[in-house]
Amino acid sequence: MPELPEVQTVVSDLQKVLPGKKIEDIWVGWKKSIKHPKTSELFKKQLIGKKFLSAARVGKNILLYLSGNTTLLIHQKMTGHMLYGKWKVKNGKWNAVGAGPHRDDPYNRFLRMVFSLSNGKQLALCDMRKFAKVLTWPTSDLGKLPDIKDLGPDPTNKEFDFKKFKEVIGSKRGKIKQTLMDQNIIAGIGNIYADEILWQADVHPFARVEKLKDKKLKDIFKAVKPILTKSIKMRGTSSSDFRDASGNKGSFQKYLKVYKKEGEECAKKDGGIIKRVKFGGRSSHFCPVHQK
DNA sequence: TGCAGTGTTGCTTC
DNA sequence: CGAAGCAACACTGC
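Under our numbering, the first residue of the first sequence is numbered 749, with each subsequent residue one higher.
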């Protein structure tokens, strides 16, 4: 589900509400979400009593920094949601309290973990497909965590210029779309934004990286930041189930040009009809006329 | 009714 | 070794 703009939206939301709050209790409904430490008992022990300091994003990972040299890392994978709100246990089940947008949202029913905070509210992980991953790690050692250390540069970073882009992508081979989505080459781009970026840059998703001319690489580079920043501004793409930390939808889906547009006329008005091709278990959308 | 499709990632297989 | 396939899981939509 969430790619860079969606994760950024959630992180910004959490940064507004979490700092200063203490974790008083943790309910774990799906133990397999926890990747470190080994048991949910140890996980709870690591976190209960600690206070949130700040929230940050690294690639598609959410980092929640806590007191006591502790960091809580969350990767939402396909259907993970981090929601901040109020729930109560009734008949052994968590129920949303109040009229928040999360209340009746079918995508937000699947609570897997609930952190009860010192202000009486909760931070909840909802995750229908149970792929999301959660772990704790000593903050001072984050650089040793593979989830962090293997990541490529962040495309929203100021230092991510064309030189850097060429440096990380220039030596690669294979299909350009896969390269763009490889988190260890560039961090944060997934299936939606890869399709959108390549449509904008007039590059076929299956074009070989090693054959792309400098001009084409530049066109791709020039599409990356504007698309991601525009989507961050629109609070992400909710073409399906993405929700922010309050359970609200983003609106970048209104600006999508190719993703899920199969059969529609290309927005570049070149007479092309958007095609969808399956590859590696997922769909690529592109215009056969201008993306060669 | 049944099955293809879903925003991610990492392991297995050839 | 690199590329492709598939599994993790549960639901929606055709």
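For every residue, glycine included, the Cβ atom is placed at its ideal position computed from N, Cα and C.
Under DSSP, the beta-bridge partners assigned to C874 are H829, L859. V758 places its beta carbon 8 Å or farther from that of M876. Going by beta carbons, K783 and L859 fall outside the 8 Å limit.
Nearest in C-alpha terms to V862, of all of L873, G998, S781, is L873. Just measuring C-alpha positions, the residue of D773, L821, L790, V755 sitting nearest T827 is V755. Shortest Cα-Cα distance from Q763 to any of A803, G797, L795 involves A803. With a cutoff of 8 Å on beta-carbon distance, R956 and R921 are scored as near each other.
Looking from the CA of L752, the closest CA among G846, V837, P901 belongs to P901.
Cβ-Cβ distances below 8 Å link D943 to K925, P953, V1006, Y1007, S1032, H1033, F1034 in the same chain, with the five nearest sequence neighbours on each side left out; the list follows chain order. For L821, the enclosing beta strand (DSSP E) stretches over residues 818 to 823.
Under the DSSP definition of a beta bridge, E1013 partners with I1021. Here the alpha carbons of F1027 and A880 stand approximately 23 Å from one another. For the set K836, N867, P750, the Cα lying nearest the Cα of G768 is the one of N867. The Cβ atoms of T818 and K798 sit closer than 8 Å to each other. Excluding five sequence positions before and after K1023, the CB atoms of its chain that fall closer than 8 Å to its own CB belong to E1010, H1033, F1034, C1035, P1036, given in chain order. Residue pairing for S1031: DSSP places it in a beta bridge opposite K1026.
Assignment of D895 by DSSP, reduced to helix, strand and coil, places it in the helix class. By the Cβ-count criterion, G1029 is exposed, with fewer than 16 other Cβ atoms from all chains shown falling within 10 Å of its own Cβ. A803 is bridged by DSSP to L812. Listed in chain order, the non-local C-beta contacts of V765 below 6 Å within the same chain comprise Y832, local neighbours out to five positions each way being set aside.
Contact between the stretch 804 to 818 and the stretch 888 to 903 is present: three or more C-beta pairs spanning the two stretches fall below 8 Å. The closest CA to that of I774, considering only K786, S760, D761, L790, is found on L790.
Annotation for A942: no beta strand (DSSP E) segment contains it, though the alpha helix (DSSP H) segment containing it runs 939 to 949.
In terms of CA proximity to Y941, P974 leads the group K836, W835, P974.
Checking the DSSP bridge columns, you'll see P886 partnered with T818. When the alpha-carbon of K912 is set against those of D950, I822, I933, the nearest one is in I933.
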